[in-house]
Amino acid sequence: MAKEKPSIPKGTRDFGPQEVAKRKYILNTIEKVFIKYGFMPIETPTMENLSTLTGKYGDEGDKLLFRILDSGETFEKIRNSKSEIRNQNEFNNSITEKGLRYDLTVPFARYVVMNRNEITFPFKRYQMQPVWRADRPQKGRYREFWQCDADVVGSDSLLHELDLINIYQEVFKCLGIDVEIKINNRKILAGIAEVVKGIEHLNTIAVAIDKLDKIGKEGVSKELTELNFTETEIATLFDIITIKGTETEMLEVLKVKLQNSTEGLIGIEELNFIFKQINSSTNQLINLKTDFSLARGLSYYTGCIFEVVAINGSLRSSIGGGGRYDNLTGNFGLDGVSGVGISFGLDRIYDVIDELKLFPETLSQGSSKVLICANDSIENIELAPVLQLLSKLRNEGIASEIYSEKINVKKPLEKPIKYASSKKIAYALIYTENETLKLKNLTTGFQEELTIEVIIERLQD
RNA sequence: GUGGUUUUAGCUCAGUCGGUUAGAGCGCCUGAUUGUGGUUCAGGAGGUCGUGGGUUCGAGCCCCAUAUUCCACCCCA
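For the first sequence, the working numbering begins at 1106 and goes up steadily by one.
The following block contains the structure:
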């Protein structure tokens, strides 16, 4: 039988004990803040009906959905069905009706509609689960990754935008990451499109100005010229997106330029409100910047949109994002429910913290706090007193274990201590029959004879 | 989805023009010294060169396919 070389699918990863500890640390930090702001947890299934997912993320998003092959007698069903399959799409749809969760927001909207009678609005929920995208993997881009979302539905109050911005600020402060929170408003983007060429060109314009950083002014205008934009239209656009100044100054200038767009003016008012409140609150630390080039792909956003980028480190892509969606539940038959939410990208946050070496030292401690080392081969001693010792320690809540492997009788302590030190176990408890116990601190090398009561006291610190 | 890139010992990587038995550092194991880890010394194990084909007298090196890594687009957390 040929031996199979073990492997895991493209874009997925295993996590060892240290990595899990670090990931949990991030998850716990985020969760604590979510709870502090009054959010409640929910969980949704790994897979959703395909109809729930399709059409919510744009054409690009639909292509990236992982589809689950139907089980059972699918083949027979297709062979016996009279309908003809004309293209790949129809074939795909005939053999699959479920897909893996692509994000947490759409399943949440589905959940809200299904449970609308039990929910008290505004409903504030958080959710931390893996999602899957059939993207081509790169650094910081995986096919399976975790999102940590906080959303509020059933309220159009901008107070929630403020809360969510504060959550961003607080979480990243706790984690020690310096970030810039970018903010924009889809209504402003709509206003710009309206003034420049017409609302139907919103997407084209958003994509083009999103590239400003990368390909520069000339690159963007070249691209727009190819898309049949006139020189005056391009000039108007640059006139708007190159506004400089403080946040409030920029918005004042923009107000004049967008005076013919009622929607644009509403967007400006919304941002104005947010900056006014942030600036007058006690929390002045927030690094919040308007960025008119921020567009965000997920097609359901309609109001404020956010994106968080780490200032330090090599990862330039966003580690969090979100925004307001006015009618996501409308897709599932519940109109007039506005929602706003943010998402933390656990895996990218991990990459940033790891690169910048910002994980706390305490995370790398060993599993057990103390290892009991007998001064003779386990077979030669009476086990009962050793096991009593072990359960005594465990009853006191001290993580402990006993060295279970064969030892070199000439050097009975060598292997156990080597084992303890490579596992980062802090103490060795040396047990000899009919003698006092010795406790050795493996960091300092200091060793002393102590009674069990004193040892427990020491280990509980 | 498009274009490129990576893969050789547990890890990080060398490997010339296609030429005998594929190397280094670190790690690992064994032994020596102290009934007790890290230092030192001596010795040792470990590779189907990502996988499958092909060219050649001969392939780690050339060709094709495929997987994987990372990068630029696209898109996104």
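Cβ coordinates follow ideal geometry from the N, Cα and C atoms, glycine included.
Remember, predicted model here, so these are calculated numbers, not experimental data.
Asked, Found
"Exposure of G1121, with buried meaning 16 or more beta-carbon neighbours within 10 Å", "exposed"
"Nonlocal neighbours in the same chain, by C-beta distance under 7 Å from P1150, ignoring five residues either side", "none"
"C-beta atoms of L1269 and I1477 nearer than 9 Å", "no"
"Which residues DSSP lists as bridging D1256, in chain order", "R1230 and G1446"
"8 Å Cβ shell around R1221 - same chain, five flanking residues per side excluded", "L1439"
"Limits of the unbroken alpha helix (DSSP H) element including V1514", "Taken as a continuous stretch (DSSP letters only), V1514 belongs to no alpha helix (DSSP H), as it is neither H nor E."
"For Y1430, the residue or residues it bridges with in DSSP", "G1444"
"Assigned exposure category for G1408 - 16 Cβ within 10 Å defines buried", "buried"
"DSSP beta-bridge partners of M1219", "Note: M1219 sits in no beta bridge, so no partner."
"Burial state of G1321 (16 or more Cβ within 10 Å)", "exposed"
"Unbroken alpha helix (DSSP H) run spanning L1294, endpoints", "R1291 to V1301"
"C-beta atoms of Q1252 and Q1274 nearer than 9 Å", "no"
"Sufficient close CB pairs (3 or more, under 8 Å) joining the segment 1156-1172 to the segment 1203-1210", "yes"
"contact_flag[the segment 1371-1378, the segment 1419-1426] where n(CB pairs < 8 Å) is 3 or more", "no"
"Reduced DSSP secondary structure (H/G/I, E/B, other) of N1583", "The structure shown does not extend to residue 1583, since the chain is modelled only from 1106 to 1566, so the question has no answer here."
"Alpha-carbon spacing of K1511 relative to E1553, whole angstroms", "25 Å"
"Other residues of its chain near E1368: CB distance less than 8 Å, five sequence neighbours each side excluded", "K1292, A1295, G1296 and E1299"
"Proximity to L1399 [Cα-Cα], best of L1393, F1411, I1391 and Y1532", "F1411"
"With 16 other Cβ atoms within 10 Å as the buried cut-off, status of M1106", "Confidence at M1106 is low in this model, with a pLDDT of 35, below 50, so the placement of that residue is unreliable and no value is reported for it."
"Neighbour-count burial assignment, P1521, 16 or more Cβ in a 10 Å radius", "buried"
"Option in H1306, D1431 and N1198 with minimal Cα separation from L1263", "D1431"
"Same chain only: Cβ atoms within 8 Å of V1559, ignoring 5 sequence neighbours per side", "none"
"Close beta carbons around D1427, own chain, < 6 Å, minus the five adjacent residues each side", "Looking at the sequence provided, one finds Gly at residue 1427 rather than Asp. Counting only Cβ-Cβ distances below 6 Å, and skipping sequence neighbours, we find F1411, G1446, I1447 and S1448."
"Range covered by the beta strand (DSSP E) that runs through R1172", "R1172 to L1174"
"Those residues which DSSP pairs with I1286 across a bridge", "L1393 and V1413"
"Minimum length 3: unbroken beta strand (DSSP E) runs contained in the segment 1447-1502", "1475-1479"
"Residues near I1557 by beta carbon distance below 8 Å, same chain, minus five either side", "L1494, K1497 and L1542"
"Sufficient close CB pairs (3 or more, under 8 Å) joining the segment 1280-1288 to the segment 1450-1463", "yes"
"P1111 classed as buried or exposed, judged by whether at least 16 other C-beta atoms fall within 10 angstroms", "exposed"
"Where S1505 sits in the DSSP three-state scheme", "strand"
"Spatial distance of L1359 from S1260 (CA atoms)", "27 Å"
"Reduced DSSP secondary structure (H/G/I, E/B, other) of L1263", "coil"
"Segment contact flag, the segment 1378-1393 with the segment 1227-1242, C-beta cutoff 8 Å, min 3 pairs", "no"
"Close Cβ partners of Y1532 (< 7 Å) along its chain, the five nearest in sequence each way excluded", "K1474, V1475, L1544, K1545, N1546, L1547 and L1564"
"Backbone CA spacing between V1257 and K1203 [nearest angstrom]", "27 Å"
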